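Here the structure is laid out as structure tokens; the discussion comes afterwards.
Residue numbers (UniProt numbering): 1 to 551.
Here is the structure:
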């Protein structure tokens, strides 16, 4: 026979259990005796054999675990503490890794208390002070005997300034062009640009030392405590030899002064640090950090040796654009991409910058990068629609989110996922003496196989006038000049408070609506308590002054 009960019996048992639980809960509410919800571990019974040995083993395991945890936290928090120490230079753009950095800082502080580590004392360099005689770029150029113009090897023409080079040549100054960041560019393009530029001015290939390159706010987990090298720069020897040969031609006892100039984020401070073979000047961190690329705020002079002195300068400042036509907007968009300052993916209107990028990029490379179907060349809207579909950026009612898609593209640009370059003009091969440097670079085929390579059309030499008379620090105590255009403020204005509090919020209008709703909710008065609740509270006896638990 079947042992299956009837539905009536099952339902009757269910109701009894439910009523019993309800009765116990009601009694527990009326009971004033305090009861702990956490179950107490009774531990090892006293009559258990080998109890002392078990307790000793447990204590040893806990001690080993605590030491291992303290060592891991100390190793992981060193880089985070160094990044947090730069809060004074915060430029208003929040870090996406802020939570990780804060946690690492607090845990590292606790770990140091638990397991102190004796560190070797390092030599402290004297703080960098500003020379009052070098209040403007013109004063720096007048003092310098030679000028090094740092160019990005991926698009050297865009980083050149015709007005600045003309002013240098009129002052009978020696000019040197340095193609920086050659490791980010294919070997063929670097050789072509080098052959083209060396016909105009002395040109040198360069890559900064590993310790001078930008680092992530949280370093990856690696074994060992090896520090980045300071003497592995590529091309530093040739630059020093040329500078020393120029210094030998100078008469007098004063050292040969060299001014390092260039556009923001071209690598001027990294060049100086690589020549010194130590981190004397601050360099920028990646775009995921709160600090932007601009770190040099005033001219800083360092000595390479008794005969050579180098002046590091902030980024060049152009005269403001007076018009707001399409050409001026295109120039602003190009400046945003080339400077790559801070979190450009948080622009209020990111689409013009993406439009400038798409107009210069090869369509086939964009299709391979984002796995997109074919679209019309220079059609940025079609490109953003393809990116939005590939990333599943769809709003309500099936509308495509073009703004978020544009932010995704700018984010890839700022973090280096898009490995862009411009091909140099057709010319003869580079000199035989530079084959050693070129052989260390990756070819176009190797970079394309790695993925993310995008070819852009070469830019043109900057024809805007450089503001030579603008002071680095205003006499009235105004903020330090950072080498940016004043006309870019309306492009790069971001609600800083909103970015810092909300993290990755993308739609400003939605955030404002939410804030208004919160204000309205706060203004509403709290509803009065119900009568039944009041009556129940009055009938209960007052709680005891001290909670006592009876076994």
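The C-beta atom is built at its ideal place from N, Cα and C for all residues, glycine as well.
Keep in mind that this is a model prediction, so the values were computed, not measured.
When only Cα atoms are considered, residue 140 and residue 306 end up about 20 angstroms apart. Straight-line measurement puts the Cα of residue 468 at about 48 angstroms from the Cα of residue 395. In the displayed model, residue 423 falls within coil according to three-state DSSP, outside both helix and strand.
Per DSSP, the beta bridge partners of residue 309 are 257, 303. CA-to-CA, the gap between residue 345 and residue 62 works out to about 46 angstroms. Restricting attention to 321, 260, 339, 322, the CA atom closest to the CA of residue 312 is found in 260. Straight-line spacing of the CA atoms in residue 168 and residue 364 works out to 41 angstroms. For residue 453, the enclosing beta strand (DSSP E) stretches over residues 453-455. Sixteen is the threshold: when 16 or more other Cβ atoms of the shown chains lie within 10 Å of the Cβ of residue 335, as they do, the residue is buried.
Counting along the chain, the unbroken alpha helix (DSSP H) around residue 240 starts and ends at 236-249. Note on geometry: alpha-carbon atoms of residue 5 and residue 393 lie some 54 angstroms from one another. Below 8 angstroms, enough C-beta pairs join the region 455-471 and the region 157-167 to call them touching: three or more. For the pair of segments examined, the region 176-193 was found to touch the region 439-449: the number of CB pairs separated by less than 8 angstroms reaches three. Boundaries of the beta strand (DSSP E) around residue 204: 203-205. Looking from the CA of residue 339, the closest CA among 265, 212, 15 belongs to 265.
Between the alpha carbons of residue 319 and residue 197 lies a gap of roughly 26 angstroms. In this structure, residue 256 sits away from residue 236, with a CB-CB distance that is not shorter than 8 angstroms. Using a Cβ distance threshold of 8 angstroms, residue 229 and residue 209 count as a contacting pair.
For residue 151, the enclosing beta strand (DSSP E) begins and ends at 146-152.
Runs of beta strand (DSSP E) with 3 or more residues, each lying fully within the region 339-370, are absent.
For residue 267, the secondary structure class from DSSP, reduced to helix, strand or coil, is coil.
Beyond the five residues adjoining it in sequence on each side, residue 280 comes within less than 8 angstroms, by CB distance, of 125, 272, 273, 302 in the same chain, given in chain order.
In this structure, the straight-line span from the alpha carbon of residue 193 to that of residue 149 is close to 15 angstroms. Rounded to whole angstroms, the gap between the alpha carbons of residue 135 and residue 175 is 22 angstroms.
Looking at the DSSP output, residue 174 bridges to 146.
If you check the CB distance, residue 188 and residue 417 do not come in under 8 angstroms.
The distance from the Cβ of residue 405 to that of residue 388 is about 4 angstroms, consistent with a contact at the 8 angstroms cut-off. DSSP places residue 141 within a helical segment (H, G or I) once states are collapsed to three. With fewer than 16 other beta carbons inside 10 angstroms of its own, residue 45 counts as exposed.
Residue 456 places its beta carbon less than 8 angstroms from that of residue 422.
DSSP places residue 413 within a helical segment (H, G or I) once states are collapsed to three. For residue 262, the secondary structure class from DSSP, reduced to helix, strand or coil, is strand. Per DSSP, the unbroken alpha helix (DSSP H) holding residue 22 starts and ends at 7-30. Linking residue 325 to residue 353 through their CA atoms gives a straight-line distance of about 15 angstroms. Between residue 333 and residue 470 a beta carbon distance of about 23 angstroms is seen, past the 8 angstroms cut, so the two are scored as non-contacting. Taking the CA atoms as reference points, residue 385 sits about 43 angstroms from residue 298.
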